[in-house]
Amino acid sequence: KRINFGGKVLTNPKFVSVFYGQYWNGKKGKADAAYLNDFGNYLVKSQHLKVWEQYGVKSASYLGSSFVRGNNERVIDEDDIQRTVWNEIRTKGVNQPDGETVYTVYLPPGAELRASDGTSSYDGMGGYHGSFLNGNDVPVYYAAITYSQGTNGVPFSPKSLDNITIATSHEWAEAATDSDVNRDTLGWYDKRFGEVGDIPINIGLPSKEVWGRLDGFAIQKEWSNKDKKAELVPGKK
31 KRINFGGKVL
41 TNPKFVSVFY
51 GQYWNGKKGK
61 ADAAYLNDFG
71 NYLVKSQHLK
81 VWEQYGVKSA
91 SYLGSSFVRG
101 NNERVIDEDD
111 IQRTVWNEIR
121 TKGVNQPDGE
131 TVYTVYLPPG
141 AELRASDGTS
151 SYDGMGGYHG
161 SFLNGNDVPV
171 YYAAITYSQG
181 TNGVPFSPKS
191 LDNITIATSH
201 EWAEAATDSD
211 VNRDTLGWYD
221 KRFGEVGDIP
231 INIGLPSKEV
241 WGRLDGFAIQ
251 KEWSNKDKKA
261 ELVPGKK
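According to the working numbering, the sequence shown is numbered sequentially starting from 31.
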């Protein structure tokens, strides 16, 4: 049963991207980052947000990005993600936390993403989201996204950027509708199938039916409580 357990929903989420590693400073990396910035600007104004609105999200905005040099680690875990986000906040490289901002760390090609439970991007994980408290007890929301390529990440599409935007739309929807999944009370959550982005995958839809395109961008379908199906836009398949 898809219910709200009473946890926080971000009513006006703001998204910030953090491009981690030296890859993003090269020619191809800069082009990829520009594409992902374009995607962020597009998604928050798209018809896809009407699915999120069913869960209490009123509007969303994209606040841009920053670049973090990193140390070219091949394995990046959740502590690394939280530390990277906090360092960017501390040095004022990004928008300061206000309880509505989600900081999204994009990994470079070849980097393995690991979750706190040991799950790896080589186990088919495209990303995850979570939260922690800053020194003033303000929640800091974050997401981490694998550069899906080959056996690293989720190969919905032959194109890495498609897989990255699919994972981003998945994690942003869940960060907004089940913000404190790793730390506090659950928000919108299905005890059998998971969060709104997990449900289309966990009910067994073929991978080609889990995502689609809006104006050329690859976006994951999220579960619609109203229409009882996975949708890119309410009322459409």
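Every residue, glycine too, gets a C-beta built ideally from N, C-alpha and C.
message = Pro236 and Lys251 - do their beta-carbons sit closer together than 9 Å?
response = no
ask   = Count the other CB atoms within 10 Å of the CB of Ser151; is the residue buried (16 or more) or exposed (fewer)?
value = buried
query = Per DSSP, Gly157 forms a beta bridge with which residues?
reply = Ile175
inquiry  = Residues in the same chain with beta-carbon distance under 6 Å from Ser91, minus the five sequence neighbours each way, listed in chain order, please.
reply    = Lys44 and Val74
task = Could you pull out every residue in the same chain whose Cβ sits closer than 7 Å to the Cβ of Pro264, ignoring the five residues on either side in sequence?
result = Lys80, Val81, Ser254, Lys256 and Asp257
Exposure label - Asn87; buried when at least 16 CB within 10 Å = Here the sequence assigns Val to residue 87, which means Asn is not the residue at that position. Answer is buried; the Cβ neighbour count reaches 16.
ask   = Taking the Cβ atom as the reference point for each residue, do Met155 and Val184 lie within a distance shorter than 9 Å?
value = yes
ask   = Any idea what DSSP makes of Ile233, helix, strand or coil?
value = coil
request  = Measure the beta-carbon distance from Phe30 to Thr195 and round it to whole angstroms, keeping in mind my assumption that it falls under 8 Å.
outcome  = This structure does not reach residue 30, given that the chain is present from 31 up to 267, and the question cannot be answered.
task = Compare the beta carbon distance of Tyr158 and Ala145 with 9 Å and say whether it is the shorter of the two.
result = yes
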